[in-house]
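Structure record follows, encoded as structure tokens.
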Amino acid sequence: MNKKSIPTVSSFRFVQNALRILKNPLPFHHENFEKHGDTFRLHLGFGKYVYFSRDAGLAQYALQKNQKNYTKSKIQTKNLAKYVGKGLLTSEGKHWKKQRKLIQPAFHKKQLAQLIGTLEEAISTELNRVTTEAPLDIFPLFNDLAFKTVVKSLFSNAVSEEKITKLQHITEAAQRMLVKELRQPYLLWWFRISGKLKKNLDGTLEAREILRELIQTRRESGQRQDDLLDMLLDAEYEDGSKMSEKQLIDEILILFTAGHETTSNALTFCCELLARHPEAQEKIISEVQKARNTSETLIEFIQTCPYTKQVIEETMRLYPPAYFIDRLNLESDTFKEMKIPKGTNLLFSIFEIHRNPNLWESPEAFRPERFAEGNSLLYSANYYPFGAGPRMCIGNNFAMFEMILAIAMLMERFKIKPKETSIQILPLITLKPKEAILEFQKR
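With the numbering used here, the residue at position 368 of the sequence shown is 878, and numbering never jumps.
Structure (structure tokens):
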């Protein structure tokens, strides 16, 4: 397949569907994958194209096998970076490699085991807000839960509720602003002259000052909390030097951004699926009760809840929070017979890869058992909930520990029933749930 024979969607079709795409691009993507196959290109005009793919082989090639030729696009390295700085998520090349090597040890399972008690405490506090008196939109609760677990894992109990709320508000406001910039680039001039852009950038400066004070207080106290902040303060580069204060704050802002919305999305979708599958709820509660009786530590408890983990994995297959991965190739390349010109924007639809009927049996069905031990290897090349290759999410173990604990503890307290007929989605920077209204009954 040469460049000319790659199926092309015209710029006219793009403009014709612009309003629909702005609202939800996924149906437009799906229609074109069904019509044109697993890879097509969209003509944006002026000779510019974006390549869309649900080919797991091409994704694996770009993200793992030849990842050095495929860099992140400006969405993260420029657009997001102006809010959160140059941390792991937004940096490239030597700087990224240096930071990844420095920070990786803090996210090893052995280190994270020290944080499990903090996670449990934060989760328990938020679950106390669940009411059985009326149907409840579960997303705001999980959104607060996920943000607070990140903050408390970083700073233990050193942050007041007022400051947590302020940091969360600033982080989420910046994310909403970024969505507007990306979805409506033609209004960028208005965002500038109206002061909307400046307001959000000023907000991130305020967040930086709060974090600077927290770091300074910790350093001056001389007391260890053995939390993520201590691990990051201890981390040394190869030459024995440590992170600058600015770099440390960049990395913390990245953890706030990447570590809370994706988790809250996944937990919400998980509950929506469980509400529609009471048999899965019963399997989880049976497993959790057994694990409580046989586990001596919290980490052991988490590790003896395999079915709960499978439910979460299946949730992230059907509703991957990071539902697309974008790359830009540095040099011309060829995959199989497809030529990829230098400077091509590639957009891998993880949502479509995870539902591709050529890769998955009954892809639309909720089947946690497909991730049971012995089966998961069959799908590993087609499954990207945390990305793949060297740029795979550094916090994947942290997220899984948190989600297993949250779902296990929720199931111990409640049965869930759905209120809506279908699960609704809102694809923004991440795949968000929409109107996740559920009914809770005490066990």
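The beta carbon of each residue, even a glycine, is placed where N, CA and C say it ideally should be. All values reported here derive from a predicted model rather than from experimental measurement.
Closest option to Arg-865, judged by alpha-carbon separation, among Asn-885, Met-826 and Thr-772: Met-826. When the beta-carbon positions are compared, Ala-591 and Leu-742 stay at least 8 angstroms from each other.
Separation of Gly-884 and Ser-890 (C-alpha to C-alpha, rounded to the nearest whole angstrom) is 11 angstroms. For Met-919, the enclosing alpha helix (DSSP H) starts and ends at 906-923.
Membership of Pro-816 in the alpha helix (DSSP H) is indicated by the continuous run 816-828. Burial state of Pro-943 is buried, judged by a 10 Å Cβ sphere holding 16 or more other Cβ atoms. Distance from Thr-714 to Tyr-593 at the Cβ level is roughly 5 angstroms; contact confirmed, criterion being Cβ atoms closer than 8 angstroms. DSSP places Leu-857 inside the beta strand (DSSP E), whose first and last residues are 855-859. Per the C-alpha coordinates, the member of Tyr-893, Tyr-829, His-679 and Gly-853 positioned closest to Thr-773 is Tyr-829. Inclusion of Gln-951 and Thr-642 in the CB contact set at 8 angstroms is warranted, their separation being smaller than that value.
The beta-carbon separation of Leu-724 and Phe-665, rounded to 6 angstroms, stays under the 8 angstroms limit for a contact.
In the structure shown, the three-state DSSP call for Phe-562 is strand.
Rounded to whole angstroms, the Cβ separation of Ala-569 and Ile-850 is 13 angstroms, and the two are not in contact under 8 angstroms. Leaving aside the five residues that flank Glu-544 on each side, none in its chain has a CB nearer than 7 angstroms to its CB. If you draw a straight line from the Cα of Arg-722 to the Cα of Lys-578, it is about 34 angstroms long. Assignment of Asn-710 by DSSP, reduced to helix, strand and coil, places it in the helix class. A residue is called buried once 16 or more other Cβ atoms fall within 10 Å of its Cβ, and Arg-639, having fewer, is exposed. Following the DSSP letters along the chain, one finds Gln-621 inside the alpha helix (DSSP H) bounded by residues 619-622. Under the DSSP assignment, Glu-949 falls in the beta strand (DSSP E) whose first and last residues are 947-952. The region 675-684 and the region 928-940 do not touch, with fewer than three beta-carbon pairs separated by less than 8 angstroms. Assignment of Asn-839 by DSSP, reduced to helix, strand and coil, places it in the strand class.
DSSP places Leu-612 in the uninterrupted alpha helix (DSSP H) bounded by 603-613. At the C-beta level, Lys-658 and Glu-636 come within 8 angstroms of one another. DSSP assignment within the region 518-585 yields the following whole alpha helix (DSSP H) runs of 4 residues or more, N-terminal first: 521-526, 528-533, 536-546 and 566-570. Per DSSP, Ile-850 is one residue of the beta strand (DSSP E) stretching across 848-850.
Contact annotation: Glu-824 and Phe-876 have beta-carbon atoms nearer than 8 angstroms. In this structure, Leu-840 lies away from Asn-855, with their beta-carbon atoms at least 8 angstroms apart. With respect to the 8 angstroms criterion, Leu-777 and Ala-916 are classified as neighbours on the basis of their beta carbons. About 7 angstroms separates the CB atoms of Tyr-561 and Leu-857; that is less than 8 angstroms, so the two are in contact. Between Gln-624 and the set Glu-810, Glu-541, Leu-869 and Pro-788, the nearest pair of CA atoms involves Glu-810. Spanning the alpha carbons of Arg-880 and Cys-815 requires a straight line of approximately 16 angstroms. For Leu-758, the enclosing alpha helix (DSSP H) covers residues 755-786. Distance from the CA of Ile-933 to the CA of Tyr-696, rounded to the nearest whole angstrom, comes to 32 angstroms. Here Asp-737 carries a coil assignment [DSSP, helix/strand/coil]. With fewer than 16 other beta carbons inside 10 angstroms of its own, Gly-750 counts as exposed. Counted as a single uninterrupted DSSP element, the alpha helix (DSSP H) harbouring Pro-650 occupies residues 648-665.
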